[in-house]
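Engineer: The structure that follows is given in the form of structure tokens.
Number of protein chains: 4
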Amino acid sequence: MKTTAILLLSCPDQKGIVAAISNFIFQHTGNILYAAQHTAQPENILFMRIEWDLDNFSIPRNEIRQAFIPLAERFKMKWAIRFSDYVPKVAVFVSSHIHCFHDLILRHRMGEFQAEIPLVISNHNDLKPIAEQYSLNFMHFPITPETKKKQEEKEIEELIKHNIDLVVLARYMRILSGNIVNLYKNRIINIHHSFLPAFAGGRPYQHAYERGVKIIGATSHYVTEDLDEGPIIAQDIIQITHRDSVEDMVLKGKDIERTVLAKAVRLHLANKILVYGSKTIVFD
Amino acid sequence: MKTTAILLLSCPDQKGIVAAISNFIFQHTGNILYAAQHTAQPENILFMRIEWDLDNFSIPRNEIRQAFIPLAERFKMKWAIRFSDYVPKVAVFVSSHIHCFHDLILRHRMGEFQAEIPLVISNHNDLKPIAEQYSLNFMHFPITPETKKKQEEKEIEELIKHNIDLVVLARYMRILSGNIVNLYKNRIINIHHSFLPAFAGGRPYQHAYERGVKIIGATSHYVTEDLDEGPIIAQDIIQITHRDSVEDMVLKGKDIERTVLAKAVRLHLANKILVYGSKTIVFD
Amino acid sequence: MKTTAILLLSCPDQKGIVAAISNFIFQHTGNILYAAQHTAQPENILFMRIEWDLDNFSIPRNEIRQAFIPLAERFKMKWAIRFSDYVPKVAVFVSSHIHCFHDLILRHRMGEFQAEIPLVISNHNDLKPIAEQYSLNFMHFPITPETKKKQEEKEIEELIKHNIDLVVLARYMRILSGNIVNLYKNRIINIHHSFLPAFAGGRPYQHAYERGVKIIGATSHYVTEDLDEGPIIAQDIIQITHRDSVEDMVLKGKDIERTVLAKAVRLHLANKILVYGSKTIVFD
Amino acid sequence: MKTTAILLLSCPDQKGIVAAISNFIFQHTGNILYAAQHTAQPENILFMRIEWDLDNFSIPRNEIRQAFIPLAERFKMKWAIRFSDYVPKVAVFVSSHIHCFHDLILRHRMGEFQAEIPLVISNHNDLKPIAEQYSLNFMHFPITPETKKKQEEKEIEELIKHNIDLVVLARYMRILSGNIVNLYKNRIINIHHSFLPAFAGGRPYQHAYERGVKIIGATSHYVTEDLDEGPIIAQDIIQITHRDSVEDMVLKGKDIERTVLAKAVRLHLANKILVYGSKTIVFD
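Chains as they are written, first to last, in our numbering: chain A, 1 to 284; chain B, 1001 to 1284; chain C, 2001 to 2284; chain D, 3001 to 3284.
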């Protein structure tokens, strides 16, 4: 695996941006491995992800950001540069549902995610034995309406202490307050067990059953302060029939909850998602 | 193709129903070709579809209904008997969208539906040439808020005059009033261009675009007086990405609108749907 | 959960079979909960699965088989009766691939399968630590061409000793010889990582890549002596693109391998599969 | 709709290609609207599709090709330039199956394809009335083993006379000989009614039925001299069950045959496909 630099940017579209960026890379002897762009209309905003080989790149790695600033300012970019060998730190929040948590850990072990998981946080103790079976650092923060503020402050302390880059809510089943959400804007991924915007809020399978739908779904999204309203990253569905009880839906839904959450985490960790308002640009 | 009788029924579940019905058929030397049942819980209501060969069946066809009454009363059934060689009469309501209409006609021609289409009704004249190209009886009932009541009365007259069994709204884009809906209860099929209950009402693709969903869908359902709330028959979705504009969604959506509507019409014409409250039992 | 009896049968189709069976159940005060049938054409063979509540059933459980024999003989049935509270014993054969094994164990723990897993057999030691983490009985039978016969004999001994009902090859990656296959006819489930019959044999993702297909798949099937030719139970696919390398396919394929294998195991354990020649009847 | 130029190219990958091309466009005041690239490994060949606005582009349209030659030679490119306002001419070959033909014509009428259809060729007369209903130029070339060579020569004459850019085999059901195939290399699209490479050749639904698969599929591909071996453009499948007869498969298959063929035609007409050996790069 080559070490690469990944430039993520958005800016008002105009002539010459691609040329300017590709020249910047070429003049410093970088080889572009992957480039994707998208122009959102009617706003005319360009989104771009460009990845190049750092071998023989003439700018030392720790000076690339500085070197890119003039170009970024010329085109009024919002931008970030990431390096492919950086190992992000992920905190997983769980409740008492095991399937998404277990699935993430399994994928992590099989090498699907380039990440470390220094922290598992839960408001229950149910998954502690499993977390410890995997030698994970499990922290229990029981939350009641009275203790919520205080407990979330402690959680934030832990997130900061462990340099957490991404928070994954693996069926955490609790609403995070604004403090955490704002601190980790576009860095908290949730899995909701319905095809949003249908059946937002609690007990979506129950509501799907009552409505008599023929599909059920799952949606992974970034968390905002508005419940189940954040930018959607991935969605999938499965067909059901009149024979499926709520319990059957819960069972079948687990499979897509797992894959849809895993897909979102994988895309995020690979720096393939740009957020734009309430939407995502996914350069898959 | 054998001629068959199809019994559709629902009743409170209890011991002996299947035995009683299969005895009824066997004692009159009928051969069961297909049987399916479902018990809705917690209501404990049995739904059943049973189809048998009429060859050598000892009860004359026009006496079967009468002969079945004692059994039906014993188990407090809601029931209907259909015959496989009956050719239902379908009225298609269209507006100016061509794709669902064209698709239905093509399928009809290819023999996918056992039905006659004695009537095409529209509030526009746009599809008249196409309907006539297919030698269909196209009737134009322009509708304004002022004329709606009167025009619908005329439409009802035509539906009755042509002995219409099923009304298909092939992107009709207008709300039918209660008179028609009640007259054709569970016999009007609509196609809505979203995965209901998400994006009910107008302009679903626009709303899907604004929400930034990663799937779009289509839903066929029976029409009730509550817009887009009727019992769902079939649903399907396709994946989209940030690259898809509203126009792209409209284009891609057409494919699933066509197949989802056609599936519902095919199931209805084959007497494979039972309606239960706001839901359908589909014995596919 | 009610305790039920499940009758699985096949026989030449003729009039009165459904009536005879439903009478048998009704006369002994059983309540039919679920019934499904299928007639294979042109062979005219009836397949049936019928499930009834054992509460108040007037035949004692251990006499039901005996009581059913006259009926079975009258209609020349191949048949079996199962009881829903029986807990089947499953042996899982693994190699060094972790994902299917891990997934099965997770599902088992979450209660998706009603089964015990008294035995994990492998030709490698790689998964031993994981099996033991789950407190599973892991047995290592390294196999070379020279030792194959002998080792398989020992495996058979273990299968018999543990009263194994079902063998699951969770990416076992080795061909079982006829001895095991015949002993466990229609009771060994394999997962093959392609949409059979395409890419049978080794390295299917490599061959899929070389052919440039736009979908990859997975197939669960009963094992016969002809490699990858056994009756198919379930299949699924995912879309891929030119961007997917063989490694990407391996990664993406894991998700469907897991779900397709789990589906087959779930259906088998729920006594919902009948095998007919090289095909399966799945009463899902 | 803006008029754009579309550059399709492949060449050995090396540093500076993207920069060189984007500079070429920028220096002549073109605005890149869309760019996509892919590097095939291990061959290290770059594939690229880049589209830019021709408004204000400083090179006159008819001189762009000439102007690009030095760059193309420097990087040893295989390349083509297309213009978005060019309307390709499509010949549709049909046999007696109506569904794909009808579907293409419907889509064409609804504006899904930017193309003209000056020619419909068939070895049967069955679809003549429908073609003429749509005012299409239908030509009948009955083919026997004896007349094949001569008739195909006449067909080629017609293709050339009408400046045909793309040949679509809408279930033509006959093998074209090398003369046509080579003349229209990577410009003949066929629809095969299976998920290739499974069930290549004749009667795929029959073979699918016999094998007992749980999915059936359709594949659109460019035609080469090796039957059903050409580069695959698009594939899709649907789930089936043991209840589906061969006739049911034929019926269900029609839906995916139509969409998979239409997708391939749409991608080709939009200049989004590059062929590489036996594979396609699809910049969708």
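Think of the CB as a built atom: it goes at the ideal place given N, C-alpha and C, for glycine as much as any other residue.
Less than 8 Å separating the beta-carbons of B:Asn1123 and B:Arg1174?
Structural biologist: Looking up residue 1123 of chain B in the second sequence gives position 123. Looking up residue 1174 of chain B in the second sequence gives position 174. It is a contact, given that the beta carbons lie within the stated cut-off.
Engineer: What's the C-alpha gap between C:Phe2068 and B:Ile1017?
Structural biologist: For the purposes of this step, residue 2068 of chain C is taken as residue 68 along the third sequence, with counting starting at 1. For the purposes of this step, residue 1017 of chain B is taken as residue 17 along the second sequence, with counting starting at 1. Distance between the alpha carbons of C:Phe2068 and B:Ile1017 is about 20 Å.
Engineer: Closer than 8 Å, CB to CB, is B:Ile1064 near chain C or not?
Structural biologist: Indexing the second sequence from 1 puts residue 1064 of chain B at position 64. By this cut-off, B:Ile1064 is not an interface position.
Engineer: Check whether the region 2188-2196 of chain C touches the region 2143-2160 of chain C, counting contact only when three or more Cβ pairs, one atom from each stretch, lie closer than 8 Å.
Structural biologist: Contact fails: fewer than three Cβ-Cβ distances are below 8 Å.
Engineer: What are the boundary residues of the beta strand (DSSP E) that A:Asn31 is part of?
Structural biologist: Walking along the first sequence from the start, residue 31 of chain A turns up at place 31. Segment Asn31 to Ala40, the beta strand (DSSP E) holding A:Asn31.
Engineer: Can the beta-carbon of A:Thr280 be found closer than 8 Å to that of B:Gly1217?
Structural biologist: Against the first sequence, residue 280 of chain A aligns to sequence position 280. Against the second sequence, residue 1217 of chain B aligns to sequence position 217. No, the Cβ-Cβ distance between A:Thr280 and B:Gly1217 is not below 8 Å.
Engineer: Check whether the region 1052-1066 of chain B touches the region 1028-1036 of chain B, taking contact to mean three or more Cβ pairs, one atom from each stretch, closer than 8 Å.
Structural biologist: At 8 Å Cβ cutoff, the stretches touch.
Engineer: Between D:Gln3133 and chain B, is there a C-beta pair that is closer than 8 Å?
Structural biologist: To locate residue 3133 of chain D, count along the fourth sequence from 1; it is residue 133. Yes, D:Gln3133 counts as interfacial toward chain B.
Engineer: Could you work out which residue in C:Tyr2209, C:Asp2255, C:Asp2248 and C:Thr2241 is closest to C:Thr2219 when comparing CA atoms only?
Structural biologist: Against the third sequence, residue 2219 of chain C aligns to sequence position 219. Minimum Cα distance to C:Thr2219 is reached at C:Asp2255.
Engineer: Going by DSSP in three states, D:Arg3187 sits in which element: helix, strand or coil?
Structural biologist: Locating residue 3187 of chain D in the fourth sequence gives position 187, where the first residue counts as 1. Of the three classes helix, strand and coil, the one that applies to D:Arg3187 here is coil, per DSSP.
Engineer: Do you know how far the Cα of A:Gln239 is from the Cα of B:Pro1197?
Structural biologist: Position 197 of the second sequence, counted from the start, is the residue given in the question as residue 1197 of chain B. Position 239 of the first sequence, counted from the start, is the residue given in the question as residue 239 of chain A. Approximately 15 Å between the Cα atoms of the pair.
Engineer: Using a threshold of 8 Å, state whether the C-beta atoms of A:Val92 and A:Glu116 are closer than that.
Structural biologist: As a position in the first sequence, residue 92 of chain A is number 92, starting the count at 1. As a position in the first sequence, residue 116 of chain A is number 116, starting the count at 1. Result no, Cβ atoms of A:Val92 and A:Glu116 do not sit closer than 8 Å.
Engineer: To the nearest angstrom, how far is it from the Cα of D:Glu3112 to the Cα of B:Met1249?
Structural biologist: Locating residue 3112 of chain D in the fourth sequence gives position 112, where the first residue counts as 1. Locating residue 1249 of chain B in the second sequence gives position 249, where the first residue counts as 1. Between D:Glu3112 and B:Met1249, the C-alpha separation is close to 12 Å.
Engineer: Is the region 2099-2108 of chain C close to the region 2255-2268 of chain C, with three or more CB pairs under 8 Å?
Structural biologist: Touching, yes.
Engineer: Following the continuous beta strand (DSSP E) through D:Leu3169, name the residue where it begins and the one where it ends.
Structural biologist: Start at 1 with the first residue of the fourth sequence, and residue 3169 of chain D comes out as number 169. Here the beta strand (DSSP E) through D:Leu3169 covers Leu3166 to Leu3169.
Engineer: Suppose contacts are defined by Cβ-Cβ distances below 8 Å. Is C:Thr2141 in contact with C:Leu2071 by that definition?
Structural biologist: Mapped onto the third sequence, residue 2141 of chain C falls at position 141. Mapped onto the third sequence, residue 2071 of chain C falls at position 71. For the sequence presented, residue 2141 of chain C should be read as Phe rather than Thr. Cβ atoms of C:Phe2141 and C:Leu2071: not closer than 8 Å.
Engineer: If you reduce the DSSP assignment to three classes, tell me which class B:Leu1274 lands in.
Structural biologist: The count along the second sequence starts at 1 and reaches residue 1274 of chain B at position 274. DSSP places B:Leu1274 in strand when its eight states are reduced to three.
Engineer: Report the neighbours of B:Gly1202 on chain A: residues whose CB is nearer than 8 Å to its CB, in chain order.
Structural biologist: Stepping through the second sequence from its first residue, residue 1202 of chain B is reached at position 202. Chain A residues near B:Gly1202: none, gap ~16 Å exceeds 8 Å.
Engineer: Where do the ends of the beta strand (DSSP E) carrying A:Tyr222 lie?
Structural biologist: Residue mapping note: residue 222 of chain A aligns to position 222 of the first sequence, counting from 1. Note, A:Tyr222: beta strand (DSSP E), Ile215 to Tyr222.
Engineer: Going by beta-carbon coordinates alone, are A:Val282 and B:Thr1241 separated by less than 8 Å?
Structural biologist: Walking along the first sequence from the start, residue 282 of chain A turns up at place 282. Walking along the second sequence from the start, residue 1241 of chain B turns up at place 241. Yes.
Engineer: For C:Val2090, decide whether its Cβ has a neighbour in chain D, counting only Cβ atoms nearer than 8 Å.
Structural biologist: Along the third sequence, read from residue 1 onward, the residue named residue 2090 of chain C stands at position 90. For C:Val2090, the answer is no, since every Cβ of chain D falls outside 8 Å of its Cβ.
Engineer: Which stretch, first to last residue, makes up the beta strand (DSSP E) that contains A:His140?
Structural biologist: Locating residue 140 of chain A in the first sequence gives position 140, where the first residue counts as 1. Phe138 to His140 is the extent of the beta strand (DSSP E) around A:His140.
Engineer: For A:Leu7, list the residues DSSP reports as bridge partners.
Structural biologist: By one-based count along the first sequence, residue 7 of chain A stands at place 7. Answer by DSSP bridge pairing, in chain order: A:Ile50 and A:Ile81.
Engineer: Rounded to whole angstroms, what's the CA-CA distance from D:Leu3176 to D:Glu3210? Just pull it up for me.
Structural biologist: Taking the first residue of the fourth sequence as position 1, residue 3176 of chain D is located at position 176. Taking the first residue of the fourth sequence as position 1, residue 3210 of chain D is located at position 210. If I take the Cα positions, the gap works out to 28 Å.
Engineer: State yes or no: is the C-beta of B:Asn1271 within less than 8 Å of the C-beta of B:Leu1106?
Structural biologist: The residue given as residue 1271 of chain B occupies position 271 in the second sequence. The residue given as residue 1106 of chain B occupies position 106 in the second sequence. Contact flag unset, no.
Engineer: Can you confirm whether A:Ile98, when its beta carbon is compared against all beta carbons of chain C, has any partner nearer than 8 Å?
Structural biologist: Along the first sequence, one-based indexing puts residue 98 of chain A at 98. At least one chain C Cβ lies under 8 Å of A:Ile98.
Engineer: In chain D, which residues lie less than 7 Å from A:Ile32 when you measure between Cβ atoms?
Structural biologist: On the first sequence, residue 32 of chain A is found 32 positions in, with the first residue counted as 1. Per Cβ cutoff of 7 Å: Val3018.
Engineer: Near A:Lys76, what residues of its chain come up, given a Cβ to Cβ distance below 8 Å and the 5 sequence neighbours on each side ignored?
Structural biologist: The residue you call residue 76 of chain A lines up with position 76 of the first sequence. Result list for A:Lys76: Cys11 and Pro12, in chain order.
Engineer: Can you name, in chain order, every residue of its own chain whose Cβ lies under 6 Å from the Cβ of A:Lys78, other than the five neighbours on each side?
Structural biologist: The residue labelled residue 78 of chain A in the question sits at position 78 within the first sequence. Excluding residues within five positions, the ones whose Cβ falls inside 6 Å are Ser10.
Engineer: What would DSSP say about B:Ala1091, mapped onto helix, strand or coil?
Structural biologist: In the second sequence, counting from the first residue as 1, residue 1091 of chain B sits at position 91. Here B:Ala1091 sits in strand by DSSP.
Engineer: Name the residue from D:Leu3119, D:Ser3135 and D:Val3168 whose alpha carbon lies nearest to the alpha carbon of D:Lys3161.
Structural biologist: Position 161 of the fourth sequence, counting from 1, holds the residue named residue 3161 of chain D. Selected option, being the one with the closest Cα: D:Leu3119.
Engineer: If I measure Cβ to Cβ from A:Ser22 and keep anything under 7 Å in the same chain, skipping five residues before and after, which residues do I get?
Structural biologist: One-based indexing of the first sequence puts residue 22 of chain A at position 22. The answer, listed in chain order, is Ile32.
Engineer: Consider the Cβ of C:Thr2219: report whether some Cβ of chain A lies at a distance smaller than 8 Å.
Structural biologist: If you number the third sequence from 1, residue 2219 of chain C lands on position 219. So, not an interface residue.
Engineer: Comparing the C-beta of B:Gln1014 with each C-beta of chain A, is any distance below 8 Å?
Structural biologist: Looking up residue 1014 of chain B in the second sequence gives position 14. Output row for B:Gln1014: interface = no.
Engineer: Using a Cβ cut-off of 7 Å, pull out every chain D residue sitting near A:Gln37, in sequence order please.
Structural biologist: Indexing the first sequence from 1 puts residue 37 of chain A at position 37. Residues of chain D passing the Cβ test: Ala3035.
Engineer: Mind pulling the chain D residues with CB within less than 9 Å of C:Phe2195?
Structural biologist: Along the third sequence, one-based indexing puts residue 2195 of chain C at 195. The answer, in chain order, is Phe3195, Ala3198, Val3213, Ile3215, Gly3217 and Ile3237.
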